[in-house]
Amino acid sequence: MISSERPYIILGAGVIGLTTAVRLLESPYYQSTKPSVHIIADHLPNDPLDARYASTIAGAHHLSFADDIDERQRGWDRKTFQIMYEEWREIGESSGLMALKQTELFVGETKHLKIYEEHPDFAVLDERERPKDVDHSVSFTSLTMTPLIYLNRLLKRIDDLSNHQVKIHRHHLPSLSALSHPSIHAMIGTAPPLAIIVCTGIGALTLGDVEDKTVYPTRGQVVKVRAPWIRAGYTRQVGSLTGSEGGERTYVIPRPDGEVILGGTREVGDWYPYPREGTTSDILKRVLEICPDLCPSHMVAPPLTNQKNGSIETLKLGDVDSIEVIDHSPLRSLIVDTLVGFRPSREGGTRLERGQDLILVEEQPTAVVYNYGHGGAGWQSCWGTAEDAVALLLATIET
Ligand SMILES: Cc1cc2nc3c(=O)[nH]c(=O)nc-3n(C[C@H](O)[C@H](O)[C@H](O)COP(=O)(O)OP(=O)(O)OC[C@H]3O[C@@H](n4cnc5c(N)ncnc54)[C@H](O)[C@@H]3O)c2cc1C
Numbered sequence: 015m016i017s018s019e020r021p022y023i024i025l026g027a028g029v030i031g032l033t034t035a036v037r038l039l040e041s042p043y044y045q046s047t048k049p050s051v052h053i054i055a056d057h058l059p060n061d062p063l064d065a066r067y068a069s070t071i072a073g074a075h076h077l078s079f080a081d082d083i084d085e086r087q088r089g090w091d092r093k094t095f096q097i098m099y100e101e102w103r104e105i106g107e108s109s110g111l112m113a114l115k116q117t118e119l120f121v122g123e124t125k126h127l128k129i130y131e132e133h134p135d136f137a138v139l140d141e142r143e144r145p146k147d148v149d150h151s152v153s154f155t156s157l158t159m160t161p162l163i164y165l166n167r168l169l170k171r172i173d174d175l176s177n178h179q180v181k182i183h184r185h186h187l188p189s190l191s192a193l194s195h196p197s198i199h200a201m202i203g204t205a206p207p208l209a210i211i212v213c214t215g216i217g218a219l220t221l222g223d224v225e226d227k228t229v230y231p232t233r234g235q236v237v238k239v240r241a242p243w244i245r246a247g248y249t250r251q252v253g254s255l256t257g258s259e260g261g262e263r264t265y266v267i268p269r270p271d272g273e274v275i276l277g278g279t280r281e282v283g284d285w286y287p288y289p290r291e292g293t294t295s296d297i298l299k300r301v302l303e304i305c306p307d308l309c310p311s312h313m314v315a316p317p318l319t320n321q322k323n324g325s326i327e328t329l330k331l332g333d334v335d336s337i338e339v340i341d342h343s344p345l346r347s348l349i350v351d352t353l354v355g356f357r358p359s360r361e362g363g364t365r366l367e368r369g370q371d372l373i374l375v376e377e378q379p380t381a382v383v384y385n386y387g388h389g390g391a392g393w394q395s396c397w398g399t400a401e402d403a404v405a406l407l408l409a410t411i412e413t
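Residue numbers for the sequence shown follow the numbering used here, so the first one is 15 and each next one is one higher.
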C-alpha cells in the first residue's frame, strides 16, 4: 500500500469537484486514514459569474435527458434525484433545492423518456389538458437548484467532514505534470500526490496531459427574472432530443427566492461569452407561450395613448422620437440579469474512468481518475458520478 502521507488532489470546484470531494471525505477509507486533501481550482463558488464556470450559471433543474437504453446515465440521474429529494425533504428550501410540479410539453414527439415515470406524481396529460400545438405532455414532481446556495452548502460539508483540514487553493493548473512544480509544493507539500481526480469541466479541453479534443462548449443563454408567483416548472421540447442536445428547448425554472430562470439556447461550439439581445427577445417570447402566468393581467399596461382633437388614439411608433424599441415583452421589466455559460459537452458523454498513472516522481505513481464532460446534465447527475469516481479511486488505492 502506498504511503498515506501523500495528498489527494481534486482539480475543479464546480458541482462535480465538490460533490466528489464530499463522497471522498465521507468514505470509511478517508475517515480512518485522514490523508491530506486539496482542492485546486481557477473558479470558486462565490466568484463573479463567468461563462467558463458552468455550475454557477446553470438553471438548474432535474430533468433527465437519459435515453431509455442508456443505463449508465439513467443510474447517475436517478441516484442524484433520490439524494437531492431526500435533502429537500429533510432540510426544505434552505437546502438550495425546491420541489415542484414539472410539466413537459413535446412538439413533434409523441413519447417521453421512461425515467420520468420514476418521479413522484407522474401523469400523462390528456389532449384536453395540453395546449393545442402540443403533441404529448407529462407532469411529475421534480427539483430545481439554486447553485450559489447549494455550492456553499457543499463547501461547508467539506469543511465539517474534514474538521477544517481540506485546503482549497485558487490556482490555474496548466497541466497535470505541473503538480511537481515548486510553486505547487508550497501549496500541497513535496510528496507527489497519491491520486488526482480531474473535475475540470470545459477546462479538460486545454489542461495539459489531458487535452481532450472531444470536449466542446454548448453555449447556453438564460434570462433571470423576478417572478415569485411562479412555483411550477415548464419545459417545451420541439423536435427530438437525440441523446441530449437536439431540438429547441424552452424552460421556466423557479427558485425558492422568487427568481425564475428563463431559457434557453443550446449553441454547439459557440464560445461567445456575452448575452445576445436577439436571443433574449426570443427567449422572452417563447417562455410566455408555455407559461403565460409569468405575466399576470395586471402587469399588461394599456396601450400608450395620444390626445388629439379631443379623441384618444393609440400611439404609433413613429409618433415618439428616439424611443428604441427592442421588443414589447411585458417581461422586460422583470429582468434581473442575462447570463451565458458553456456546458462542458463531450462526444460520447461524461468521461468517468481511471486513466494512466501520472509519473511525477520515479516509482511513486499518481493515480488519475477522470470525472468531467457532463454537458447539460452536471447538476442532475453529480451525486451519481461522484460516487462512481470515488469508488474507482478507492479501488485503485486499496489494491
Ligand atoms: C445555461 C446553462 C444551464 C444549465 N442547466 C442545467 C440544468 O438545468 N440541469 C443540469 O443538470 N445541468 C445544467 N447545466 C449544466 C451544468 O451546469 C454542468 O454540467 C455542470 O455545472 C458541470 O460542472 P463541472 O463541475 O464539471 O464544471 P464547472 O462548473 O465548469 O467547474 C469546473 C471547475 O474546474 C476548474 N478548472 C478547469 N480547468 C482548470 C485548470 N486548468 N486549473 C484549475 N482549475 C480548473 C474551474 O475553475 C472550475 O472550478 C447547465 C449549464 C448551463 C451553462
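We put the CB at the ideal spot given by N, CA and C, even for glycine.
Which residue or residues does DSSP assign as beta-bridge partners of residue i?
| i | result |
| --- | --- |
| Leu119 | Ser151, Arg250 |
| Arg360 | Val229 |
| His52 | Ile23, Lys181 |
| Ala65 | None, per the DSSP bridge assignment. |
| Leu157 | Ala113 |
| Leu407 | Answer is none; Leu407 lacks a bridge partner. |
| Ser189 | Gly222 |
| Ala137 | Ser153 |
| Leu281 | Checking the sequence, you will find Glu at residue 281 rather than Leu. Looking at the DSSP assignment, Glu281 forms a beta bridge with Arg233. |
| His75 | Thr158 |
For residue i, which of helix, strand or coil comes out of DSSP?
| i | result |
| --- | --- |
| Gly26 | coil |
| Asn166 | helix |
| Leu114 | strand |
| Pro310 | coil |
| Ile349 | strand |
| Gly222 | strand |
| Ala381 | strand |
| Ala391 | helix |
| Lys238 | strand |
| Val375 | coil |
| Ile355 | Ile is not the amino acid found at residue 355; the sequence shown has Gly there. Looking at Gly355 - three-state DSSP - the assignment turns out to be strand. |
| Ala200 | helix |
| Tyr386 | strand |
| Ala35 | helix |
| Lys128 | helix |
| Ala205 | coil |
| Pro344 | helix |
| Ala400 | helix |
| Asp173 | helix |
| Arg142 | helix |
Would you mind stating whether residue i and residue j have Cβ atoms separated by less than 9 Å?
| i | j | result |
| --- | --- | --- |
| Ser78 | Ile30 | no |
| Val404 | Leu38 | yes |
| Tyr27 | Val51 | Checking the displayed sequence, the identity of residue 27 turns out to be Ala instead of Tyr. Going by C-beta atoms, Ala27 is not nearer than 9 Å to Val51. |
| Leu348 | Val239 | yes |
| Asp82 | Val121 | no |
| Gly362 | Thr228 | yes |
| Thr357 | Gly392 | Residue identity check: residue 357 is Arg in the sequence provided, not Thr. Yes; because the gap between Cβ atoms is below 9 Å, this pair is in contact. |
| Leu408 | Ser41 | yes |
| Gly217 | Asp64 | no |
| Gln87 | Ser395 | yes |
| Arg53 | Ile244 | Note that residue 53 is Ile in the sequence shown here, rather than Arg. Going by C-beta atoms, Ile53 is not nearer than 9 Å to Ile244. |
| Val236 | Leu353 | yes |
| Val399 | Thr33 | The sequence shown places Thr at residue 399, rather than the Val named in the question. Closer than 9 Å, so yes. |
| Met112 | Arg269 | yes |
| Arg144 | Leu119 | yes |
| Pro242 | Gly272 | yes |
At what residues does the alpha helix (DSSP H) containing residue i begin and finish?
| i | result |
| --- | --- |
| Thr293 | 291-304 |
| Tyr43 | 42-47 |
In terms of residues, what are the limits of the beta strand (DSSP E) holding residue i?
| i | result |
| --- | --- |
| Thr264 | 262-268 |
| His183 | 181-184 |
| Glu273 | 273-277 |
| Arg5 | The chain is shown only over 15 to 413; residue 5 falls outside these bounds and no answer can be derived. |
| Ala209 | 209-212 |
| Leu366 | 365-368 |
With a cut-off of 9 Å, does the C-beta of residue i fall near any C-beta of chain B?
| i | result |
| --- | --- |
| Ala200 | The chain inventory of the structure shown lacks chain B, comprising one protein chain alone. |
Q: Inspect the CB distances between the segment 155-171 and the segment 184-191 and report whether three or more fall short of 8 Å.
A: no
**Prompt:** Would you say the segment 380-390 touches the segment 236-252, given that touching needs at least three Cβ pairs under 8 Å?
**Reply:** no
Touching or not, the segment 381-400 and the segment 364-372, by the rule of three or more beta carbon pairs under 8 Å?
Here the segment 381-400 lies against the segment 364-372, with 3 or more beta-carbon pairs under 8 Å apart.
Between the segment 258-275 and the segment 292-301, do at least 3 Cβ pairs fall closer than 8 Å?
Because the criterion of three Cβ pairs below 8 Å is met, the segment 258-275 and the segment 292-301 touch.
**Study point:** Validate contact between the segment 189-199 and the segment 92-105 using beta carbons, cut 8 Å, 3 pairs
**Key:** no
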